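Single-structure report; data block below.
Number of protein chains: 2
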Amino acid sequence: MNRMRIGDLTERAGVTQRTVRYYESIGLLPSGEREGNGHHYYTEETVARLRKIDQLKKLGLSLEEIQDVIQLYFTDTSGVLPKRKVLGILRQHLSDTDQKLEALGQFRSDLQSHIDRFERWLEDNEGE
Amino acid sequence: MNRMRIGDLTERAGVTQRTVRYYESIGLLPSGEREGNGHHYYTEETVARLRKIDQLKKLGLSLEEIQDVIQLYFTDTSGVLPKRKVLGILRQHLSDTDQKLEALGQFRSDLQSHIDRFERWLEDNEGE
DNA sequence: ATGTAATATGACGTTAACGTCACGTTTGCA
DNA sequence: TGCAAACGTGACGTTAACGTCATATTACAT
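Quick mapping for you: the protein sequence lines, in order, are chains P and Z. Under UniProt numbering, the residue at position 24 of the first sequence is numbered 24, and the numbers go up by one with no gaps. Under UniProt numbering, the residue at position 47 of the second sequence is numbered 47, and the numbers go up by one with no gaps.
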């Protein structure tokens, strides 16, 4: 299916129409092509793009931050963008990501040790 | 310093007074003890707790989610909490965390490869 | 004692990321 | 041709997590 309207798009991407229109309004999603009637038409790429956005959101990125990087996934990166600026943004994101990874790893090991403690407690006190 | 008022607390924890009061209002932070006058008094533990909250927030946890786990860090875990339930919550958080770690790792490598590409481009095109 | 800084409380304001409603046009099927 | 279902657009509503006054009381340095 490669020429769908918003109904199919949202169903396949798992978002609401409001979300799609909101993303279009802030420029995060290109407004689908419009026929003479005013309806928007979308493609498979739009689906993929919405899914990617959702994925990045789950990492804690704001829509604004996603703006910075989403084009790398879906647009012609050999274009005429100010390469150095994009590179700077990317490096910043990489450094942010590394910090997050470290904090997340720490959190994970904290969780694990708490879990271990609880499990030992339960073992020691079962069948009392 | 182990009996401070809100001014010192916020300075040391790097948050605002409004934040402290907000956290108290939703039960995320225990209201400091109050003297006869009405002022709240806090301890080193409050500082640590605020820092921990901040750390968890950076991982993308909502204050509500933090509520679930914060007690494990700062309250008597040998108390009378329903152990099995807490364990369930912890395991869920662990699994969520693992998923996040994986997604974040994927994102990191995506970023890295984009960065590499940009760098190669710049190298090849410098001094043209 | 007194003026200034710190604190407590209440209420209204703000931003992000949509939700929901109202209303008019378009489409697709009987 | 008729009509319910789908779509477009505008506008107001909502939640989280605080920010920002305004006002009243308390603490502390001189």
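Beta carbons: idealized from backbone N, C-alpha and C, even for Gly. None of these values were measured; they are calculated from a predicted model.
- Contact with chain P is found for Glu-119 (chain Z), since one of that chain's Cβ atoms lies less than 9 angstroms from the residue's Cβ.
- Residue pairing from DSSP places Tyr-41 (chain P) in a beta bridge opposite P:Glu-33.
- By a beta-carbon distance limit of 8 angstroms, Tyr-22 (chain Z) does not contact Gly-32 (chain Z). Their separation comes to about 14 angstroms.
- Going by C-alpha positions, Arg-117 (chain Z) is about 38 angstroms away from Gln-112 (chain P).
- Counting along the chain, the unbroken alpha helix (DSSP H) around Arg-117 (chain P) starts and ends at 83-125.
- Boundaries for Leu-28 (chain P): no alpha helix (DSSP H) harbours it, and the DSSP string shows neither H nor E there.
- At a cut-off of 9 angstroms between beta-carbon atoms, Leu-56 (chain Z) makes contact with chain P.
- Sixteen is the threshold: when 16 or more other Cβ atoms of the shown chains lie within 10 Å of the Cβ of Arg-49 (chain Z), as they do, the residue is buried.
- In terms of beta-carbon proximity, Leu-50 (chain P) stays away from the interface with chain Z, with every pair separated by 9 angstroms or more.
- The beta carbons of Ile-70 (chain P) and Lys-52 (chain P) sit closer together than 9 angstroms.
- Annotation: Cβ neighbours of Ile-115 (chain Z) in chain P (cutoff 7 angstroms, chain order): Leu-87, Leu-90, Arg-91 and Leu-94.
- Flagged as an interface residue toward chain Z: Phe-107 (chain P), by a C-beta distance shorter than 9 angstroms.
- Two segments are said to touch when three or more pairs of C-beta atoms, one from each, lie closer than 8 angstroms; by this definition the stretch 100-114 of chain P does not touch the stretch 10-20 of chain Z.
- Between Ala-103 (chain Z) and chain P, the shortest Cβ-Cβ separation is below 9 angstroms.
- Following the DSSP letters along the chain, one finds Arg-5 (chain P) in no alpha helix (DSSP H), marked with neither H nor E.
- Secondary structure at Thr-16 (chain P): coil, using DSSP grouped into helix, strand and coil.
- Considering only P:Leu-29, P:Asp-98 and P:Glu-11, the residue with the shortest C-alpha distance to Gln-67 (chain P) is P:Leu-29.
- In the DSSP annotation of this structure, the continuous segment of the alpha helix (DSSP H) that includes Leu-72 (chain Z) starts and ends at 63-74.
- From the beta-carbon of Gln-71 (chain P), no residue of chain Z is found nearer than 8 angstroms; the closest lies around 10 angstroms away.
- Against chain P, a Cβ distance below 7 angstroms from Gln-112 (chain Z) picks out Leu-94.
- When secondary structure is reduced to three states using DSSP, Leu-59 (chain P) falls in the coil class, being assigned neither helix nor strand.
- For the options P:Ile-6, P:Gly-60, P:Leu-94 and P:Leu-87, the alpha carbon positioned closest to that of Glu-24 (chain P) is the one of P:Ile-6.
- The beta-carbon distance between Leu-72 (chain P) and His-93 (chain Z), rounded to whole angstroms, is 31 angstroms. This is too long to meet the 8 angstroms contact definition.
- Against chain P, the beta carbon of Thr-97 (chain Z) has neighbours under 8 angstroms at Leu-104, Phe-107, Arg-108 and Leu-111, listed in chain order.
- For Leu-59 (chain Z), the C-beta contacts it makes with chain P under 8 angstroms involve Gly-60, Lys-100, Ala-103, Leu-104 and Phe-107, in order along the chain.
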